Amino acid sequence: MPDPEIIVFFTKLQMSKKITDFSRQQWLTDAAGRAKQLSLTTHPFAFTHPGARKNRDGKVRAVLAEVKKKNDGFLRSGNVVVPPDAEGNAAALEIYTFLMLKMQDGKTLLAHLCEESELAKTILSGKDYRELRAGFLQIFSGSGIPATHAKIKQVFFPVPDKKCKAGYHLLSVLTPSGLLSELYRRFGIPGVFSGPSVVIHIGGSKPQNISALNMRNKGKACLLLSVPPGTVSAGGHYRGH
Numbered sequence: 010m011p012d013p014e015i016i017v018f019f020t021k022l023q024m025s026k027k028i029t030d031f032s033r034q035q036w037l038t039d040a041a042g043r044a045k046q047l048s049l050t051t052h053p054f055a056f057t058h059p060g061a062r063k064n065r066d067g068k069v070r071a072v073l074a075e076v077k078k079k080n081d082g083f084l085r086s087g088n089v090v091v092p093p094d095a096e097g098n099a100a101a102l103e104i105y106t107f108l109m110l111k112m113q114d115g116k117t118l119l120a121h122l123c124e125e126s127e128l129a130k131t132i133l134s135g136k137d138y139r140e141l142r143a144g145f146l147q148i149f150s151g152s153g154i155p156a157t158h159a160k161i162k163q164v165f166f167p168v169p170d171k172k173c174k175a176g177y178h179l180l181s182v183l184t185p186s187g188l189l190s191e192l193y194r195r196f197g198i199p200g201v202f203s204g205p206s207v208v209i210h211i212g213g214s215k216p217q218n219i220s221a222l223n224m225r226n227k228g229k230a231c232l233l234l235s236v237p238p239g240t241v242s243a244g245g246h247y248r249g250h
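Numbers given in our numbering equal positions in the sequence shown, counted from 1, plus 9.
So, in structure tokens, the structure goes:
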């Protein structure tokens, strides 16, 4: 029997498309073919510049950071459990939603596909299982060799060697959209944050053009006050004490 989340997903999908003769197998075949239009990412380019989703060759060069958790006290990638985001063709984001469905064991459908579990084989049942699985896993295709974009802001970061000779790394400043999304979610929980904050809107009237998580949050994100500890407000300005 299919996982309840799968049943709910296809029920909502059929209702949204208003198709009486909706075919689940036909949708799976079509979705597997379109999955390559998306790329999983942890730091979507479009948060920095909406026009940086694709390079001149038309391909997405996604950054998919795999950072281990450390008890170092820092709010950073790896220390907060968040799902990966997705960027690419906004019309294909329903495929991301499908792959991120949480099964009863707590794993996503995408994780089951990677592991080739019995559940994955049941959901993609049929003689085309191998082809469907390979198609859906193309959502990882943009995570091979990351490449920056001309529209991304870049910073020269000094890294002198042992002989103090000048050197540098060229860094692209990107947004960890998973952290931003989780912060927004926690702001919605009463009593979690009581200090001042600012809500910003990303993507204007089309948040789906930025990323999947940005679309889920309707383009809204929260900013925390970042003044140093021990400062107080005085007429809109901050001073130490």
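Quick reminder that beta carbons are idealized off the backbone N, C-alpha and C, glycines included.
Please read all numbers here as calculations on a predicted model, not as lab measurements.
At what residues does the beta strand (DSSP E) containing residue i begin and finish?
| i | result |
| --- | --- |
| residue 182 | Premise fails: residue 182 is in no beta strand (DSSP E) and is neither H nor E. |
| residue 207 | 206-210 |
| residue 214 | That residue, residue 214, is in no beta strand (DSSP E); it is neither H nor E in DSSP. |
| residue 55 | Neither: residue 55 is in no beta strand (DSSP E) and is coded neither H nor E. |
| residue 94 | 94-97 |
Suppose contacts are defined by Cβ-Cβ distances below 8 angstroms. Is residue i in contact with residue j by that definition?
| i | j | result |
| --- | --- | --- |
| residue 220 | residue 55 | yes |
| residue 218 | residue 190 | no |
| residue 87 | residue 76 | yes |
| residue 89 | residue 234 | no |
| residue 128 | residue 112 | yes |
| residue 29 | residue 141 | no |
| residue 228 | residue 210 | yes |
| residue 102 | residue 95 | yes |
| residue 49 | residue 93 | yes |
| residue 45 | residue 163 | no |
Skipping 5 residues on each side, what residues in its chain have a beta carbon closer than 8 angstroms to that of residue i?
| i | result |
| --- | --- |
| residue 207 | 231, 232 |
| residue 17 | none |
| residue 107 | 18, 40, 118 |
| residue 169 | 175, 176 |
Which two residues bound the contiguous alpha helix (DSSP H) that contains residue i?
| i | result |
| --- | --- |
| residue 39 | 33-43 |
| residue 14 | 13-26 |
| residue 230 | Run containing residue 230: none in the alpha helix (DSSP H); it sits in the beta strand (DSSP E), 229-233. |
| residue 222 | 221-225 |
Excluding the five sequence neighbours on either side, which residues of its own chain have a C-beta within less than 7 angstroms of the C-beta of residue i, listed in chain order?
| i | result |
| --- | --- |
| residue 33 | 19 |
| residue 42 | 144 |
| residue 152 | The predicted position of residue 152 is uncertain, since its pLDDT is 46 and thus under 50; a value taken from the coordinates is nonetheless stated next. So the list reads 48, 49, 71, 73, once near-sequence residues are dropped. |
Rounded C-beta distance between residue i and residue j? I'm assuming under 8 angstroms.
| i | j | result |
| --- | --- | --- |
| residue 160 | residue 52 | The Cβ separation is near 15 angstroms, so there is no contact. |
| residue 175 | residue 104 | In fact, because the Cβ distance is near 47 angstroms, the residues do not count as touching under 8 angstroms. |
| residue 224 | residue 237 | About 35 angstroms separates the two Cβ atoms, so there is no contact after all. |
Just to confirm my understanding: we take residue i, look at its own chain, exclude 5 residues before and 5 after, and list those with CB closer than 6 angstroms. What are they?
| i | result |
| --- | --- |
| residue 180 | 164, 166 |
- Task: Enumerate, from N- to C-terminal direction, the unbroken alpha helix (DSSP H) stretches of 4 or more residues contained entirely within the segment 102-178.
- Result: DSSP runs (the alpha helix (DSSP H)) wholly in the segment 102-178: 102-108, 118-124, 127-132, 138-145.
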